[in-house]
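Some notes on the structure that comes next.
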Amino acid sequence: MTLRMNHRSVNPNAFKSLLALEQSAKNSGLDHKLYELIKLRASQVNGCSYCVDMHAKDLLSMGESTDRLLLLPMWREVPIYSEAERAVLELTECVTKLHEAGVPDDVYARVREHFDEKEYVDLILAISTINAWNRIGVSTGMFPGCFD
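Residue numbering for the sequence shown follows full-length UniProt numbering, beginning at 1 and increasing consecutively.
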C-alpha cells in the first residue's frame with residue numbers, strides 16, 4: 001500500500017477547513033458515542049480503512065463493547081442498538097448512499113421520533129463531514145498507520 005499524497009501538507013487550507021467542519025459537528029451537542037458510531041458506519045460503507053481503524057479505536061477507548069463494533073455492519077439483524085441508534089444508522093446509510101434513494105420519508109420520520117429539527121440538521125452535518133473525510137482518505141490512498 002502506498003499513500004498517494006499527504007493531503008495535509010499538499011493543501012493545508014483545505015485540511016483546516018475540513019477540521020473546522022469537524023469541530024462544528026463535534027460541538028453540535030450530539031452524543032459523542034453516537035457521533036462515533038455515525039463515523040464508523042459511514043466509513044465502513046465508503047470503504048475507508050483509515051477511518052474505520054480510527055473510529056473503531058476511538059469507540060473502544062470510550063468504552064464501547066466489541067460486540068457492538070463487530071456487529072455494526074449488521075445492525076439491522078441484532079437487538080443491541082437502541083431505536084434511536086437504529087434510526088441514525090439508517091439515516092447515515094441513506095445520506096452516505098444519497099444517489100440510491102435519497103432520504104425516504106419513513107427514514108426521516110423514524111429519526112424525527114428521537115431527534116428534533118436542530119438535532120436532525122446536526123446529524124446531517126455529522127454524516128456529511130465523515131463522508132468528506134472518507135472521500136479524502138480513499139482518494140489519496142490513506143490506510144491505518146500511513147502517517148506514522
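For every residue, glycine included, the Cβ atom is placed at its ideal position computed from N, Cα and C. The structure displayed is predicted, hence computed values, not measured ones.
query	result
Hey, how far is the Cα of TYR50 from the Cα of HIS7?	14 Å
So, does the stretch 15 to 30 touch the stretch 132 to 146, judging by three or more C-beta pairs under 8 Å?	yes
Assign THR66 to one of two classes, buried (16 or more other C-beta atoms within 10 Å of its C-beta) or exposed (fewer than that).	exposed
Distance, Cα to Cα, LEU69 vs ALA56?	7 Å
What first and last residue would you give for the alpha helix (DSSP H) that runs through CYS94?	83 to 96
Can you tell me whether PHE15 is helix, strand or coil according to DSSP?	helix
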